[in-house]
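Using the numbering used here, you'd call the opening residue of the sequence shown number 1 and step up by one each time. The structure appears below as structure tokens.
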Amino acid sequence: MTLIDSRPGIQAVYDEISTRTGVEIDSSLVVSRLGPPVEVELANWFAHDAVDAMADLYRSLYPGIAIARIEALPGAYDALAAVRARGGRVAVITAKNARDAAAHLDHLGLHADEVRGRAWRAGKADALGELGAEAYVGDHVHDMEAAGLAGVPGVGVTTGPSSRTELEAAGAAAVVGSLAELAHVLDTL
1 MTLIDSRPGI QAVYDEISTR TGVEIDSSLV VSRLGPPVEV ELANWFAHDA
51 VDAMADLYRS LYPGIAIARI EALPGAYDAL AAVRARGGRV AVITAKNARD
101 AAAHLDHLGL HADEVRGRAW RAGKADALGE LGAEAYVGDH VHDMEAAGLA
151 GVPGVGVTTG PSSRTELEAA GAAAVVGSLA ELAHVLDTL
């Protein structure tokens, strides 16, 4: 949830999976711990041998249910403008698949120069290195760990599942409460 608030859409997808499968899923709990790949969350609700099929179901339902329900986080447009005003490029590196991530951005009119999907932990660090990133903004402790692995400063945003304390402990060079504060922090990195 670094640029967008995907919780309402994700919650609706999990509610639909619950309806279709008869498995009671606490979708409020699910959206309180976003960040890891969908398979990690689904393993909390389904037997190991059903997780891949449920992930396929999730991904098939996602575009039709989730995209229209998301909103840009406060300051998202200004944050992208601030990066570009400083000569930077915007790359979205996410555990979501690239197709859905790009659909979210398109739906909201947020432009990224690059979208990398299905990246998590070391995969995010690899993408940061490949792209020559100078910093990484994220809302999860694993985003800060990825920044550290890539050797770039991580800027934590407390709009997601990780607190300021958790982001700092994970190595954040700076932590902001919203994307509206990002421009100031970029000048200090």
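Using N, Cα and C, we set each Cβ at its ideal position, and we do this for glycine too.
Using the beta-carbon count (16 or more within 10 Å), is Ala68 buried or exposed?
exposed
Bridge partners for Arg116 per DSSP, in chain order?
Ile93
When you compare each of Ala103, Val157, Asp49, Ala55 to Leu186 by their alpha carbons, which one comes out closest?
Val157
Taking the beta strand (DSSP E) that Val157 falls in, what are its first and last residues?
154 to 157
Is the beta carbon of Ala14 sitting closer than 8 Å to the one on Ile4?
Correcting the residue type first, residue 14 is Tyr in the shown sequence and not Ala. Cβ distance not < 8 Å, so Tyr14 and Ile4 don't count as in contact.
Within its chain, find whatever has a CB closer than 8 Å to the CB of Asp78; leave out the 5 residues flanking it on each side and keep chain order.
Leu179, Ala180, Leu182, Ala183
Is Ala174 helix, strand or coil by DSSP?
strand
DSSP on Val23, reduced to helix/strand/coil?
coil
Minimum Cβ-Cβ distance from Leu186 to chain E less than 8 Å:
The structure shown contains no chain E; it holds only a single protein chain.
Near Ser121, which residues of its chain fall below 7 Å by C-beta distance, leaving aside the five closest residues on each side in sequence?
In the sequence under discussion, the amino acid at residue 121 is Arg, which differs from the Ser named in the question. Cβ neighbours of Arg121 beyond the five flanking positions: His142, Glu145, Ala146.
First through last residue of the alpha helix (DSSP H) which encompasses Gly64
51 to 65
Please report the distance separating the alpha-carbon of His107 from that of Gly160.
21 Å
Do Ala150 and Leu167 count as a contact pair if the criterion is CB distance below 8 Å?
no
Do three or more CB pairs link the segment 111 to 120 to the segment 90 to 98 at distances below 8 Å?
yes
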